[in-house]
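The sequence shown begins at 667 in my numbering and counts up by one. The beta-carbon is built from N, C-alpha and C at its ideal position, and this holds for glycine as well. Everything below concerns the one structure shown next.
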Amino acid sequence: MLYTFAKADYDSQTLTRHFAHLTPQDCLVLWQDGVLLPLKHPALFARLSVPCYALENDLTARNLHEILPHFTDNKTDNEADKKQSKVRSISLTDFVDLTEKYFPQVGL
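Here it is, written out as structure tokens:
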């Protein structure tokens with residue numbers, strides 16, 4: 667299942683409840699203001715056991731690209747960078763690919 671988060675106003679208890687339902691067959695995508703969630707709740711995102719992505723356009727719009735360890739370029743070859751972050755930045759094309767791989771979608 668593909669879970670998408672578009673808002674940043676979730677408290678840690680609500681996110682914990684949502685994350686408790688995640689399975690190894692699931693994926694998380696952060697977009698719009700949802701890209702702010704790892705900054706607000708770093709401990710929760712550090713413990714994620716599923717792939718988590720943030721839309722590159724939304725990171726750029728909020729000037730978040732330079733903030734590490736919260737976000738890492740999905741296309742980086744640097745293994746140290748990949749290990750620093752649970753959240754990878756993706757393009758809109760990558761997002762379309764994820765919608766084909768993970769279904770159905772739940773928008774939160």
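Between the C-alpha atoms of residue i and residue j, what's the straight-line distance to the nearest angstrom?
i: A709; j: S715; result: 13 Å
i: D677; j: L668; result: 21 Å
i: D763; j: Q679; result: 30 Å
i: D747; j: T765; result: Bear in mind that the predicted position of D747 carries a pLDDT of just 47, short of 50, making it unreliable; the figure below should be weighed with that in mind. Computed Cα separation, rounded: 25 Å.
i: Y719; j: L696; result: 6 Å
i: R728; j: L702; result: 9 Å
i: L688; j: L694; result: 9 Å
i: L730; j: F769; result: 28 Å
Taking only three categories from DSSP, how would you classify residue i?
i: V701; result: helix
i: L681; result: helix
i: L668; result: strand
i: L696; result: strand
Which residue comes first and which comes last in the alpha helix (DSSP H) that contains residue i?
i: A674; result: A674 -> no alpha helix (DSSP H), and no H or E assigned at all.
i: L776; result: Nothing about residue 776 can be read from this structure; the chain reaches only from 667 to 774.
How far does the beta strand (DSSP E) with residue i in it extend, from its first residue to its last?
i: L721; result: C718 to L721
i: Q691; result: From DSSP, Q691 is part of no beta strand (DSSP E); its letter is neither H nor E.
i: S755; result: V753 to I756
Quick one: residues in its chain with C-beta nearer than 8 Å to the C-beta of residue i, no 5 flanking neighbours on either side, listed in chain order?
i: K673; result: Q698, D699, G700 and L774
i: V772; result: M667, L668, Y669 and T670
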